[in-house]
Ligand SMILES: [Mg+2]
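Numbering (my numbering), first residue to last: 708 to 966.
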């Protein structure tokens, strides 16, 4: 580590790092306070596209964690920024919740089911057969297929929930078209996040609880990576991957002194 530049900016995953099943992970509050006090650029990332940054700020606040709205980066925001770069002022048919539709409205997108440029799939708990049928037909008619994140399942206190990746697979089966996934592990989400806070990859670190998304995305974006064992990845899993994080620690509490 001695040959590496000091860490000046931090990106951290949310679920499994800062919170777990609606409860803060010990050390998360201290870590966030240190970041806020230090004035260092940082972002809390989530692949979940249901909520707006404002929603997430309020949800975290209720759990006792203070993350300013501007320090929250969702796959919905990353998707909107990607589309704003690719095709400014475009149109889209959207399956998703306020996190996604608000982000698209904010970049001036028109949401329509009439000849949209894109079909954009995000996380929702109310998939309708009618909406899926509409998406399939619009893609068959030439709309480009984008999905906020590739996660096949999401966490809940009662067990796994089918997530965006699983629904994307259904649409792919029906159309023969695969979506472009914007969220983790696509390093695009990390690079766009770094740009949003004016940070550089060589002096930034990514913290996550998953090897296959957080660590992979951080690695491919050229960042230092910290794997925490407070979430999905178990110690026995780490060696099964052909890549490794810069460091493995028990939890966020072990990183407070690095800020
Ligand atoms: Mg996680």
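Built from N, CA and C at the ideal position, the CB exists for glycine as well.
- Can you tell me which of the three DSSP states residue 861 falls into? In the chain shown, counting from the first residue as 1, residue 861 sits at position 154. Strand, per DSSP.
- Task: State the DSSP-derived secondary structure class of residue 898, mapped to helix, strand or coil.
- Result: Translated into the one-based positions of the chain shown, residue 898 becomes position 191. Three-state result, residue 898: helix.
- Please confirm whether any heavy atom of ligand 1 lies closer than 7 angstroms to the CB of residue 917. In the chain shown, residue 917 corresponds to position 210, counting from 1. Yes, ligand 1 has a heavy atom inside 7 angstroms of this Cβ.
- Query: Between the region 897-905 and the region 872-880, are three or more C-beta pairs nearer than 8 angstroms?
  - Reply: no
- Task: Would you kindly work out how many angstroms separate the C-alpha atoms of residue 721 and residue 915, rounded to a whole number?
- Result: As a working mapping, residue 721 is identified with position 14 in the chain shown. As a working mapping, residue 915 is identified with position 208 in the chain shown. If you draw a straight line from the Cα of residue 721 to the Cα of residue 915, it comes to about 8 angstroms.
- Three-state class that DSSP yields for residue 708 in the structure shown: Here residue 708 refers to the residue found at position 1 when the chain shown is read from its first residue. Since pLDDT at residue 708 reaches only 49, below the 50 mark, its modelled position is unreliable, and no value is offered.
- Within the region 775-851, note down every full alpha helix (DSSP H) run reaching 4 residues or more, in order along the chain. 782-793, 805-813, 836-847
- Item | Euclidean distance between Cα positions of residue 732 and residue 962 | Within the chain shown, residue 732 is the residue found at index 25, counting from 1. Within the chain shown, residue 962 is the residue found at index 255, counting from 1. Approximately 13 angstroms, taken between the alpha carbons.
- Item | Collapsed DSSP secondary structure at residue 945 in the structure displayed | Walking along the chain shown from the start, residue 945 turns up at place 238. Correct three-state label for residue 945: helix.
- Message: If the criterion is Cβ atoms closer than 8 angstroms, does the pair residue 820 and residue 800 meet it?
- Response: Here the question's residue 820 lines up with position 113 in the chain shown. Here the question's residue 800 lines up with position 93 in the chain shown. Contact flag set, yes.
- Item | Residue of 864, 894, 751 minimising C-alpha distance to residue 727 | The sequence position of residue 727 within the chain shown is 20, counting from 1. For residue 727, the nearest C-alpha among the options comes from 864.
- Under the three-state DSSP convention, the category residue 759 falls into: If you number the chain shown from 1, residue 759 lands on position 52. If DSSP states are grouped into helix, strand and coil, residue 759 belongs with coil.
- Runs of alpha helix (DSSP H) lying entirely within the region 860-894, each at least 4 residues, in chain order: Listed in chain order, the complete alpha helix (DSSP H) runs (minimum 4 residues) inside the region 860-894 are 871-882.
- Message: So, with DSSP's three-state summary, where would you put residue 727?
- Response: Mapped onto the chain shown, residue 727 falls at position 20. Of the three classes helix, strand and coil, the one that applies to residue 727 here is strand, per DSSP.
- Item | Distance, residue 753 Cα to residue 926 Cα | In the chain shown, residue 926 corresponds to position 219, counting from 1. In the chain shown, residue 753 corresponds to position 46, counting from 1. Each residue's Cα considered, the two are about 17 angstroms apart.
- Message: Taking its Cβ as the centre, do 16 or more other Cβ atoms sit within 10 Å of residue 858, making it buried, or is it exposed?
- Response: Sequence index remark: in the chain shown, residue 858 carries index 151 (1-based). Buried is the call here.
- Task: Using the Cα positions of residue 708 and residue 795, report the straight-line distance between them to the nearest angstrom.
- Result: Here residue 708 refers to the residue found at position 1 of the chain shown. Here residue 795 refers to the residue found at position 88 of the chain shown. Only weak support exists for where residue 708 lies, its pLDDT of 49 falling under 50; the coordinates are left without a value.
- Task: Tell whether a beta-carbon distance below 8 angstroms holds between residue 747 and residue 798.
- Result: Mapped onto the chain shown, residue 747 falls at position 40. Mapped onto the chain shown, residue 798 falls at position 91. It is not a contact, given that the beta carbons lie outside the stated cut-off.
- Query: For the alpha helix (DSSP H) that residue 715 lies in, which residues bound it at each end?
  - Reply: To locate residue 715, count along the chain shown from 1; it is residue 8. Residue 715 -> no alpha helix (DSSP H), and no H or E assigned at all.
- Shortest alpha-carbon distance to residue 823 belongs to which of 852, 814, 836, 835? Taking the first residue of the chain shown as position 1, residue 823 is located at position 116. Out of 852, 814, 836, 835, 852 has the C-alpha closest to the C-alpha of residue 823.
- Item | Beta-carbon separation (whole angstroms), residue 818 vs residue 831, contact threshold 8 angstroms | Mapped onto the chain shown, residue 818 falls at position 111. Mapped onto the chain shown, residue 831 falls at position 124. About 14 angstroms separates the two Cβ atoms, so there is no contact after all.
- With residue 743 as the anchor, note down where its alpha helix (DSSP H) starts and where it stops. Residue 743 sits at position 36 when you count from the first residue of the chain shown. That run of the alpha helix (DSSP H) goes 735-745.
- Query: Would you call the CB atoms of residue 896 and residue 911 closer than 8 angstroms?
  - Reply: Position 189 of the chain shown holds residue 896. Position 204 of the chain shown holds residue 911. The Cβ atoms of residue 896 and residue 911 lie no closer than 8 angstroms to each other.
- C-beta contact flag for residue 786 and residue 827 at 8 angstroms: In the chain shown, residue 786 corresponds to position 79, counting from 1. In the chain shown, residue 827 corresponds to position 120, counting from 1. Result yes, Cβ atoms of residue 786 and residue 827 sit closer than 8 angstroms.
- Looking at C-beta atoms only, is the number of pairs between the region 887-895 and the region 761-778 that lie closer than 8 angstroms three or more? No, they do not touch.
- Coil, strand or helix - residue 965 by DSSP: As a first step, residue 965 is located in the chain shown; it is residue number 258 there, counting from the start. The three-state reading of DSSP puts residue 965 in helix, counting H, G and I together.
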